[in-house]
Amino acid sequence: MDSKLEHIAQVLAKDGSKVVFFVGAGISTNCGIPDFRSPKTGLYSNLQRLDLPFPEAVFDIDYFRENPKAFYTLAEEMYPGKYLPSRFHYFIRLCQEKHVLKRCYTQNIDTLERVAGVKGDLVVEAHGSFTGNHCIDCHAGMDDETWKKLVKKGGIPKCPVCHGYVKPDIVFFGESLPAKFFDLWDEDSGDDYDLAIVAGTSLAVYPFATLPAEVSKSTTRVLINKESCGDFEENPRDSDLLLMADCDSTATKLADLLGWSEELEELIEAGKKKLDVEGVKVKETVKEPPQTIVKKDTKKESSASPLQKAEETAAGLAAKVAEAEKEKLPAIKKDKEVEELTKAIENIDIKDGN
Ligand code: OAD
Ligand code: ZN
1 MDSKLEHIAQ VLAKDGSKVV FFVGAGISTN CGIPDFRSPK TGLYSNLQRL DLPFPEAVFD
61 IDYFRENPKA FYTLAEEMYP GKYLPSRFHY FIRLCQEKHV LKRCYTQNID TLERVAGVKG
121 DLVVEAHGSF TGNHCIDCHA GMDDETWKKL VKKGGIPKCP VCHGYVKPDI VFFGESLPAK
181 FFDLWDEDSG DDYDLAIVAG TSLAVYPFAT LPAEVSKSTT RVLINKESCG DFEENPRDSD
241 LLLMADCDST ATKLADLLGW SEELEELIEA GKKKLDVEGV KVKETVKEPP QTIVKKDTKK
301 ESSASPLQKA EETAAGLAAK VAEAEKEKLP AIKKDKEVEE LTKAIENIDI KDGN
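The sequence shown maps to residues 1 to 354 in UniProt numbering.
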């Protein structure tokens, strides 16, 4: 058996261990929900029909202000309630039952951590969720039923107070993360964890991507992902444990080693029954997760020229920076984009010179 897995299992089995999770879309791909950046299958490779200037525009607040339809074309498909949690979600829940889960920071808006039974105070939905809707101008709220009715009719919900567009409380690029994220991370970041488990994320979106870098040096960081990423690549620590594998297969193996398999199966079965009783039409979670490892090259294919791409990125970036400065809030992804834009422009100079 893999010695890394054994080490993780030993820590999880220890009384009083403290574990924090940082997760992303990769923990929900086995549920049937595509991630964002995987080549071919990721959402951002499959948005041609929306005719966007760049794929992330669909979740960009400035783009939404001008073109809300693109997001609303996707909103119904993305609305939670159609999917069962994955094995990995239930593994997080099991960590809660064993009193080792200190917090689960998720970038996902699918709410599957909660569906799997992780308590609200232990989950931080850093990029918001579909629970709640607000006007993008005057911030007046709209209840879910009204919002859903309007969307079902094919409309774009507008604010009864000021006629601004109403959008669900998922965090768009250029918007600030929820206060809960900052408050709890302020509290949590000073803590010494035994394990920080990063799973199913490309660590491409800031500020979330900085969290693994901010855990104490005495914390063992674990990456369970199909590819290496973020701080694990840029500033690896000697104690890092990299498991380039499927999240669900890893959950199964860890549960085996820990003697938690029966409980894990029970949680999965109970979850299915509960949703059945509630009449939720769910898609079956993938039973045998694929073991293939995706290569590091996740660059998106695009027909746009490097210059067009840089111009698009520049326009998007300028708008986000302006928005962030206006609101004095950290616009998500800003730092990384500055870095990428600089690189893109350097590349163009070289190519154009040839
Ligand atoms: P990404 O799509 O960027 O990354 C998902 C990662 O999970 C990739 O590295 C995949 O290789 C990996 N992966 C996929 N399936 C897996 C599996 N079964 N087992 C192990 N690894 C797997 O998704 P996120 O990092 O979550 O934000 O994306 C971050 C944010 O970007 C999202 O929250 C969203 C998006 O734009 C907003 O929209 C604000
Ligand atoms: Zn309004």
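Beta carbons are placed, not taken as given, at the ideal position from N, Cα and C, and that holds for glycine.
Ends of the beta strand (DSSP E) at residue i?
i, result
"residue 132", "128-135"
"residue 356", "Since the first residue shown for the chain is 1 and the last is 354, residue 356 is missing from the structure and cannot be characterised."
"residue 21", "19-23"
"residue 123", "123-125"
For residue i, count the other beta carbons within 10 Å of its own beta carbon; 16 or more makes it buried, fewer makes it exposed. Which is it?
i, result
"residue 179", "exposed"
"residue 142", "buried"
"residue 253", "buried"
"residue 85", "buried"
"residue 49", "exposed"
"residue 139", "exposed"
"residue 302", "A caution first: residue 302 carries a pLDDT of 34, below 50, which makes its placement in the model unreliable, though a value can still be read off. Burial call: exposed."
"residue 153", "exposed"
"residue 161", "exposed"
"residue 270", "exposed"
"residue 99", "exposed"
"residue 81", "exposed"
"residue 207", "buried"
"residue 325", "Since pLDDT at residue 325 reaches only 39, below the 50 mark, its modelled position is unreliable, and the value read off the structure follows with that caveat. Residue 325 is exposed by the Cβ-count criterion."
"residue 38", "buried"
"residue 113", "buried"
"residue 155", "exposed"
"residue 235", "exposed"
"residue 120", "exposed"
Going by DSSP, name the residue or residues bridged to residue i.
i, result
"residue 168", "133"
"residue 223", "198, 242"
"residue 192", "DSSP output for residue 192 lists no bridge partner at all."
"residue 142", "133"
"residue 158", "165"
"residue 173", "60"
Can you list, in chain order, the residues of its chain with a C-beta nearer than 8 Å to that of residue i? Leave out the 5 residues immediately preceding and following it.
i, result
"residue 59", "71, 170, 172, 173"
"residue 264", "87, 90, 91, 94, 251, 252, 255"
"residue 164", "135, 136, 137, 138, 158"
"residue 241", "4, 7, 8, 220, 221, 222, 223"
"residue 15", "none"
"residue 316", "Residue confidence is low: residue 316 scores 45 on pLDDT, short of 50, so the model does not pin down where it sits. Its coordinate-derived value is still stated next. Cβ neighbours of residue 316 beyond the five flanking positions: 53, 54, 56, 57, 60, 62, 63, 173, 337."
"residue 229", "201, 202, 203, 204, 223"
"residue 146", "157"
"residue 75", "151, 168"
"residue 218", "192"
"residue 186", "none"
"residue 34", "25, 41, 42, 43, 46"
Spatial neighbours of residue i within its chain, please: CB distance less than 6 Å, with the 5 preceding and 5 following residues excluded, ordered by chain position.
i, result
"residue 214", "189"
"residue 11", "17, 194, 195"
"residue 57", "63"
"residue 199", "23, 27, 224, 247"
"residue 20", "102, 103, 193, 196"
"residue 65", "none"
"residue 115", "85"
"residue 239", "220"
"residue 2", "none"
"residue 177", "126, 171"
"residue 184", "124"
So the alpha helix (DSSP H) residue i belongs to, where does it begin and stop?
i, result
"residue 115", "112-115"
"residue 268", "261-277"
"residue 206", "No alpha helix (DSSP H) contains residue 206, which DSSP labels as neither H nor E."
"residue 230", "230-234"
"residue 11", "3-13"
"residue 66", "61-66"
"residue 255", "247-258"
"residue 214", "211-214"
Ordered along the chain, which non-local residues of its own chain (more than five positions away) have a Cβ less than 7 Å from that of residue i?
i, result
"residue 79", "130"
"residue 36", "25, 42, 43, 44"
"residue 268", "87, 90"
"residue 13", "258"
"residue 118", "92, 93, 96, 104"
"residue 47", "55, 58"
"residue 181", "124, 126"
Is any heavy atom of the ligand FMN found at a distance shorter than 8 Å from the C-beta of residue i?
i, result
"residue 91", "You won't find the ligand FMN in this model; what it holds is the ligand OAD and the ligand ZN."
Around the ligand ZN, Cβ to any heavy atom closer than 5 Å, ordered along the chain: 135, 137, 138, 140, 159, 161, 162, 164
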